[in-house]
Every structure is written in structure tokens, then in C-alpha cells.
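A.B. asks: Position in the sequence shown (from 1) plus 11 gives the number in this note's numbering. Note that CB positions come from ideal geometry on N, CA and C, so glycine has one too.
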Amino acid sequence: MSEINEYFDGLKGASIAVLGMGVSNMPLIHMLLRAGLRVTVCDRSQREAVAEQAAQLESLGAKLRLGEEYLNKLHRFDVIFRTPGISPNTPELVKAVEKGAQLTSEMEVFLQLCPCKIIAVTGSDGKTTTTTIISEFLKEAGYNVYVGGNIGKPLLPDVGGMTEEDIAVLELSSFQLMTMKQSPHVAVFTNLSPNHLDYHHTMEEYTKAKMNIYYHQRPEDRVIFNYDNDITRSMSKSAPGTVMLFSRRNRLEEGVYLRDDTIWLTNEMGSREVLPLSMIHVPGQHNVENFMAAIAAVDGLVPDKCVRAVAERFCGVPHRMELVRELDGVRWYNDSIGSSPTRTMAGLSCFEQKVILIAGGYDKQIPFDELGAAIADSVKELILTGDTAQKIAAAVEQAEGYCPGTPNIHFTDTLSQAVELAHQLARAGDAVVLSPACAAFDRFKNFVERGEYFKSCVTQLKGK
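#1: Smallest Cα separation from V341: which of V469, G21, F302, L39?
#2: In this structure, does DSSP put C468 in helix, strand or coil?
#3: At the level of alpha carbons, what is the spacing between D310 and G397?
#4: If you follow the beta strand (DSSP E) that Q113 is part of, which residue opens it and which one closes it?
#5: Among residues of its own chain, excluding the 5 on either side of E182, which ones have a beta-carbon nearer than 7 Å to its beta-carbon?
#6: Taking all protein chains shown into account, decide if A308 is buried (16 or more other Cβ within 10 angstroms of its Cβ) or exposed.
#7: Is P230 near I130, with beta carbons less than 9 Å apart?
#8: Under 8 Å, with one C-beta from each stretch per pair, do the region 255–270 and the region 222–242 reach the 3-pair mark?
#9: What does the alpha-carbon distance come out to for the pair E333 and F458?
#10: Measure the beta-carbon distance from A198 to V234 and round it to whole angstroms, keeping in mind my assumption that it falls under 8 Å.
#11: For the putative contact between G295 and A384, defined by C-beta atoms under 8 Å, what is the C-beta separation to the nearest angstrom?
#12: Which whole runs of the beta strand (DSSP E) in the region 174–257 are 3 residues long or more, in chain order?
#13: Are M118 and P99 close, meaning C-beta to C-beta below 9 Å?
#14: Where does H292 fall in DSSP's three states?
#15: Less than 8 Å between C-beta atoms, sequence neighbours within five positions excluded: which residues of the same chain meet that for Q193?
#16: Run the proximity test for S204: is its beta-carbon closer than 8 Å to any non-hydrogen atom belonging to the ligand ZN?
#17: Quick one: what does DSSP say N16 is sitting in, helix, strand or coil?
#18: Report buried or exposed for H292, applying the criterion of at least 16 other Cβ atoms within 10 angstroms of its Cβ.
#19: Hey, F302 and A320: beta-carbon distance below 9 Å or not?
#20: Please list, in chain order, all residues of the same chain as H434 whose beta carbon is under 6 Å from its beta carbon, the five residues on each side excluded.
#21: Measuring alpha carbon to alpha carbon, tell me which of M280, N278, Y268 ends up nearest V299.
#22: Based on Cα-Cα distance, which residue from D380, V443, G134, T174 lies nearest to F362?
#23: Distance, Cα to Cα, L75 vs T201?
#24: Mind checking who E392 pairs with in its DSSP beta bridge?
#25: Which word fits T353, buried or exposed, when buried means at least 16 other C-beta atoms lie within 10 angstroms of its C-beta?
#26: One question on the structure: do A448 and S351 come within less than 9 Å of each other, judged by their Cβ atoms?
#27: Between which residues of its own chain and L476 is the CB-CB distance below 6 Å, once the five residues before and five after are set aside?
#28: Look up C414 in the DSSP assignment and say whether it is helix, strand or coil.
#29: Looking only at DSSP bridge pairs, what is R270 linked to?
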């Protein structure tokens, strides 16, 4: 508690702005107000949309700046807490920093004040599953584990109750990492491919943001890279921390790798078998990679028997190739987390037969060329909806392996119509998969809301 109090004492007299009154920032706002600090909460929402929340914050002493002009005159503040959804390149923030404002975030303060070991995961795909597996490994081994970042709950309010023996496991997005000036003790980089180019605009900026997960490490810290991904393999050559590699395709002299359908680990202590693939029950080669990354992250912390115990019971994370139901011999899968082409391609690789795919959504300005080829190879009926429907269709039709009707391409106005059409097209033995390859923001708040809506539509279907 002394470090927290010292941090807040250092803010006394400062004019503080908190951008966004969403879930991640509300605990921070309450902590700042309880410390007696001068806080202005800035949010795009109109007052009538957040009336109850606004009244509560004002009763606690906060000033509010709501509506479209909520970012005006930020240069008048000394400290600005940014919500991840607002880019630090926003002109108003750039001007404020140029005028001397300190730009930070709830997650950056957490990394600064957290008293225990921090393991953090980033990448274009697999972050949530890998983060979850790591936390389950640690819990099985008896650790007191805090899970947060891009999943779980804001962890800053828990700092006062943490001890040096605890472990915090974080999923960190590029949005959160963009202004990070501190890296975790153990960093995991699952993979990297074009993503979120609507926010970052260039692949260079996206990559640079991700690199902050290890860029500020010390030599005694550890960073795990995917050897099979060209970009992360290249990054591993210049990382300041101790590098550990994992590979599903190559047998490594040192690191985590596959050998005889078993995950092996080789380090300075020697080589050992850790986990037979037969004990992993979640489908897909990408999940094998998620387990490998997690095994590398907990090496030296978790006994192999705990790894095997978790693998045998782990059935995945909701909205990640989640079996919703079987109806008339047709299996329905919710992979709403598939918000990038690479994630959807990984999902398609889980199936031996061609599937009925529902895809499309918010346009993140990511190319669909490789996805088009994968769909032509792995999909028999393609149902497209959302802003990117025509772009995905064009990528499929231009794919080298495409012939008209392989797959058939359909368009619907809504996700519910897509589910109904899939129901009409499906026959016993088919798999219907929602894996949009796009974000949900064109029609839903996030992938969770999209996935829940899909599951609701599927559970309402009647047998033929």
C-alpha cells in the first residue's frame, strides 16, 4: 500500500484527466477520487446516455466533460490517463504531450506498482487462450494468480492486496502497449500478422507497439517468441531479455518443440518430454502452439504434472471454436474471437471436412488474399454479412484454387439471416462455423456480444 499511496501523493495538486468512463477506467477513477485528487472525466457519451454514472461521479467530486468535444483543451491537464481505444496519435493528445502533459494509462500504472512477478501475453492471435492456459498452469501449481489486462478485470485496485509470492498474468493488446515504458518479467509473443490497421494505419506502427512487451526488459527477464512466425523469429535476435523459442514445425536445439507427437522442452538443464498431444482436447494446431507458448512461459515455475493435469481438463475459452449445439447431425461452432484472417484460417484448419462458414464484419483495412485461398480450399458454403462481405467475396473469387460453386457464396443482411440460411443449407455431418475474420464493431460492441447473439440464434433453431 505504501507504493500506491506514494504514487497518489505525487499527483496531489495536479490537474488530471481520465479519458473514457468504461469498465477498465472506472476503478481507476474511484481510486483517484478517494485519494482526494482533482479529476475530470472525459467521455464521448452524451449525458443522457450515462446519466446515473455521471451523477455518481459528480457526487464523489469528479468534473465531467461529455459529448463530441470531450477531447477539447486537453493541453490544460498535467496528467492524462488514456483508455486503450483512444490512440496516443490523436491530435488533441499529441498537442497535450507537446505542452508537457504526462500521458499514461491504468495498465501502465499497474505495471509500475505491481509488487509481484508479471507474465504478459501479446500477439495477433491466440492471446486470450494462451493467457488463460498460463493462469491455469499456475493455479494448478498452487500460486495465487491475478488475471487481467485485455481480459478479466482491471487489476490496479488489487495491487494493495498483492504479495511478492503472487503472480499476475496479463493479456495485452497493441492499444495498451503503444505507450508502455515498462515490460513484464516474462513476455510471450504468440505470433504477428497484419491486424488493427484501421487504428495503427501502418504495419510498422502496429509492430512497434507490440514490441513494447519486451523492449524494456532487463537481461534476467524472459521473452518467448514463435519461431515459426517470420516476424517474431526476426525480433528474437535483438531482444534485451533471455530469449526462449517455441516451434510446432521445427525441432529446436533449445526451446519448446514437437517430437513424436509430444511437446518437448530443452534448456540448460537438459531435454524432457512435457506433454503428449493426445492429452490436448481443444482442436486445432493453433491450440498446440498456444500450449507450447504457455509451457515456455511457466518453465521453472510449474511442474510438468500440473501442465498435464490442466491439458486433460481444458476445453477452451468461450467464443473460441466453442461447440454451441448439435442439431439434425449438424455441429454449430462459435468462433466469434476470429476477428482476423489468420485467426479464421487457423479455425478452418481444425476440420477435416469442408465447412459452412459465416464470415464478415467491421473493416480493419486488413487484406483478405490469404484468407480467400483458405476459404476456397476449406469451405463448401460461404455466407457473408457485414461491412467486409464484398471484400471477402472478391478475395475468394480471385484465389487460385477457386472455381464457381467451390464454395457457393451467399450474402445476408444480418447475422440472424446468416444462421437461418446455414440451417437451410446444412446436412447431417456438416459443421457450421461462425468465424468472421473481422472485428464486430460494425454491428456489435465486441466479439463477445456477437458470439452471444450467434449462440442465441443457433439455440432457437428448430429441427427439420
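C.D. replies: With the structure as the only source:
#1: In the sequence shown, the residue the question calls residue 341 occupies position 330. Checked all of V469, G21, F302, L39; the closest Cα to V341 is V469.
#2: The count along the sequence shown starts at 1 and reaches residue 468 at position 457. Residue state, collapsed to three classes: helix.
#3: Taking the sequence shown and counting its residues from 1, the one referred to as residue 310 is at position 299. Taking the sequence shown and counting its residues from 1, the one referred to as residue 397 is at position 386. Near 43 Å, if we compare the C-alpha coordinates of G397 and D310.
#4: Locating residue 113 in the sequence shown gives position 102, where the first residue counts as 1. Element bounds for Q113: 113–115.
#5: The residue labelled residue 182 in the question sits at position 171 within the sequence shown. These residues qualify, in order along the chain: V132, K138, T139, T142, G160, N161, I162.
#6: Position 297 of the sequence shown, counting from 1, holds the residue named residue 308. Classification of A308: buried, given that the 10 Å Cβ count is 16 or more.
#7: Here residue 230 corresponds to residue number 219 of the sequence shown, with the count starting at 1. Here residue 130 corresponds to residue number 119 of the sequence shown, with the count starting at 1. It is not a contact, given that the beta carbons lie outside the stated cut-off.
#8: Enough Cβ pairs lie closer than 8 Å, so yes.
#9: Residue mapping note: residue 333 aligns to position 322 of the sequence shown, counting from 1. Residue mapping note: residue 458 aligns to position 447 of the sequence shown, counting from 1. Rounded to the nearest angstrom, the two C-alpha atoms are 13 Å apart.
#10: Here residue 198 refers to the residue found at position 187 of the sequence shown. Here residue 234 refers to the residue found at position 223 of the sequence shown. Their Cβ separation, rounded to whole angstroms, is 4 Å, which keeps A198 and V234 in contact under 8 Å.
#11: One-based indexing of the sequence shown puts residue 295 at position 284. One-based indexing of the sequence shown puts residue 384 at position 373. Not quite, the Cβ-Cβ distance comes to about 18 Å (not below 8 Å), so this is no contact.
#12: 178–182, 197–200, 233–237
#13: For the purposes of this step, residue 118 is taken as the residue at position 107 of the sequence shown. For the purposes of this step, residue 99 is taken as the residue at position 88 of the sequence shown. Not a contact, by the Cβ cut-off of 9 Å.
#14: Within the sequence shown, the letter at position 281 stands for residue 292. Coil at H292, not helix or strand.
#15: Along the sequence shown, one-based indexing puts residue 193 at 182. Once the five neighbours on either side are set aside, the close Cβ partners of Q193 are E119, L122, Q123, H227.
#16: The model depicted lacks the ligand ZN and carries no ligand whatsoever.
#17: As a first step, residue 16 must be located in the sequence shown, where it is residue number 5. In this structure, N16 counts as helix in the three-state DSSP scheme.
#18: The residue given as residue 292 occupies position 281 in the sequence shown. By the neighbour-count rule (16 or more Cβ atoms within 10 Å), H292 is not buried but exposed.
#19: Here residue 302 refers to the residue found at position 291 of the sequence shown. Here residue 320 refers to the residue found at position 309 of the sequence shown. Result no, Cβ atoms of F302 and A320 do not sit closer than 9 Å.
#20: Your numbering for residue 434 matches position 423 in the sequence shown. Excluding residues within five positions, the ones whose Cβ falls inside 6 Å are L472.
#21: If you number the sequence shown from 1, residue 299 lands on position 288. Residue Y268 is the option with its Cα nearest to V299.
#22: Here residue 362 refers to the residue found at position 351 when the sequence shown is read from its first residue. Ranking the options by Cα distance to F362, first place goes to V443.
#23: For this step, residue 75 is matched to residue 64 along the sequence shown. For this step, residue 201 is matched to residue 190 along the sequence shown. Taken atom to atom, the span from the alpha-carbon of L75 to that of T201 is near 40 Å.
#24: Indexing the sequence shown from 1 puts residue 392 at position 381. DSSP, once it has assigned bridges, lists I367, N419 as partnering E392.
#25: As a position in the sequence shown, residue 353 is number 342, starting the count at 1. It counts as buried.
#26: Within the sequence shown, the letter at position 437 stands for residue 448. Within the sequence shown, the letter at position 340 stands for residue 351. Contact: yes.
#27: An answer regarding residue 476 cannot be provided, because it is not within the stretch 12 to 475 covered by the chain.
#28: As a working note, residue 414 is residue 403 in the sequence shown. In the structure shown, C414 sits in a strand (DSSP, three-state: E or B).
#29: As a working mapping, residue 270 is identified with position 259 in the sequence shown. T273.
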